[in-house]
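In the working numbering, the protein residues as written are 196 to 569.
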């Protein structure tokens, strides 16, 4: 499917009304079906033309029926040359072959064919010839994913199971929803688990967090929500707070509101499906009608901050909080409070940037390097 009319080499209008349904339950009317030429030798048939759509969709099943092959690439663990989407398994092995000074195979094959070295066996020129000592001497390690991304894997880990149970207990303690029968002609919003390790300033894992979030992209304005709201922390306000506390000798403490969004009352009638991995065997078709906002909903930040504004002076009684001690890490800033003043730096942020671009083992320099240096 595409919304670009000029891409079609041939286009036939449809005789009946046909529609394509998208992931957010929206629909697009099919204006015609034709062929799109991607290159001189490659063209796609049975492509639907949907007007005023700025994106393209491919049907994997139709591609397979047309004789194409589909490959799935895990972009989160790709290593090797950055110019390739998929690195060759022998690419890193050849790097070690050159670093260790091993002889080039092309030269060995040439010497073998000419018979210039006594005792050298006859060798054949193979396209994917690999140096076996390099293969076994330097094994290539795959990137490690510390956070579980799948519910089935998380359910086999006691740490993540406890985190999910803690999230569901917060649901019950905050009276977030009611377990009811689904209303007629209403499609409940799907939910998913999001797993994350909360780290401190030294990079150590402080807490395993499992959040049940709603797939808010399925919501429709006027039905599931009325308006959206995105809170922004202004850096100037943070500087003023730190400077004022340092000048007065105040010690800033840090607290964490448990399941913050679950404290915001919701005005619209929103129904969500049962949490994956925790479906009821007795009532598999029932859904949850939300009383309070859930992570992922478009109106969740608005509802939370509306209640937070009303009960700012009564937070200790209105919200379940956990005291995290003296303020040390906040929005990427590392804060050290002492008798002589307050020091603010971003050493952890710098380490994370270096680690992201695989420069954690690079040698530091006293002066900045020129951008033109190769």
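Cβ coordinates follow ideal geometry from the N, Cα and C atoms, glycine included.
- Under DSSP, residue 216 takes part in a beta bridge, and its partners are 222.
- DSSP places residue 547 inside the alpha helix (DSSP H), whose first and last residues are 542-551.
- Buried is the label assigned to residue 384, since at least 16 other Cβ atoms lie within 10 Å of its Cβ.
- Taken through DSSP and simplified to helix, strand or coil, residue 201 comes out as helix.
- Under the three-state reduction of DSSP, residue 443 is assigned to helix.
- Straight-line measurement puts the Cα of residue 301 at about 59 Å from the Cα of residue 470.
- According to the DSSP assignment, residue 366 belongs to the alpha helix (DSSP H) that extends over 353-368.
- For residue 258, the uninterrupted alpha helix (DSSP H) segment begins and ends at 255-260.
- Put simply, the region 472-491 touches the region 365-376. At least three CB pairs are less than 8 Å apart.
- Separation of residue 366 and residue 527 (C-alpha to C-alpha, rounded to the nearest whole angstrom) is 29 Å.
- Counting along the chain, residue 375 sits inside no alpha helix (DSSP H); it lies in the beta strand (DSSP E) bounded by residues 372-375.
- The C-beta separation of residue 529 from residue 521 comes to about 12 Å, leaving the pair out of contact by the 8 Å criterion.
- Distance from the Cα of residue 466 is smallest, within the candidate group 481, 474, 472, 429, for 481.
- Boundaries for residue 243: no alpha helix (DSSP H) harbours it, while the beta strand (DSSP E) harbouring it runs 238-245, taken from the DSSP string.
- Within the model, the alpha-carbon separation for residue 233 versus residue 200 is close to 14 Å.
- Its chain contains 536, 537 as the residues whose beta carbon lies nearer than 6 Å to that of residue 441, once the 5 sequence neighbours on both sides are disregarded; these appear in chain order.
- Beta-bridge pairing by DSSP links residue 208 to 227.
- Between residue 216 and residue 251, the C-beta spacing is not below 7 Å.
- In this structure residue 227 touches residue 244 by the C-beta definition: roughly 5 Å separates them, less than 8 Å.
- Taking 7 Å as the cut-off, the beta carbon of residue 407 is found no closer than this to the beta carbon of residue 474.
- Contact check for residue 229 and residue 203: beta-carbon distance about 4 Å, within the 8 Å limit, so the pair qualifies.
- Here DSSP, grouped into helix, strand and coil, assigns residue 303 to helix.
- Taking the Cα positions, residue 393 is about 12 Å away from residue 524.
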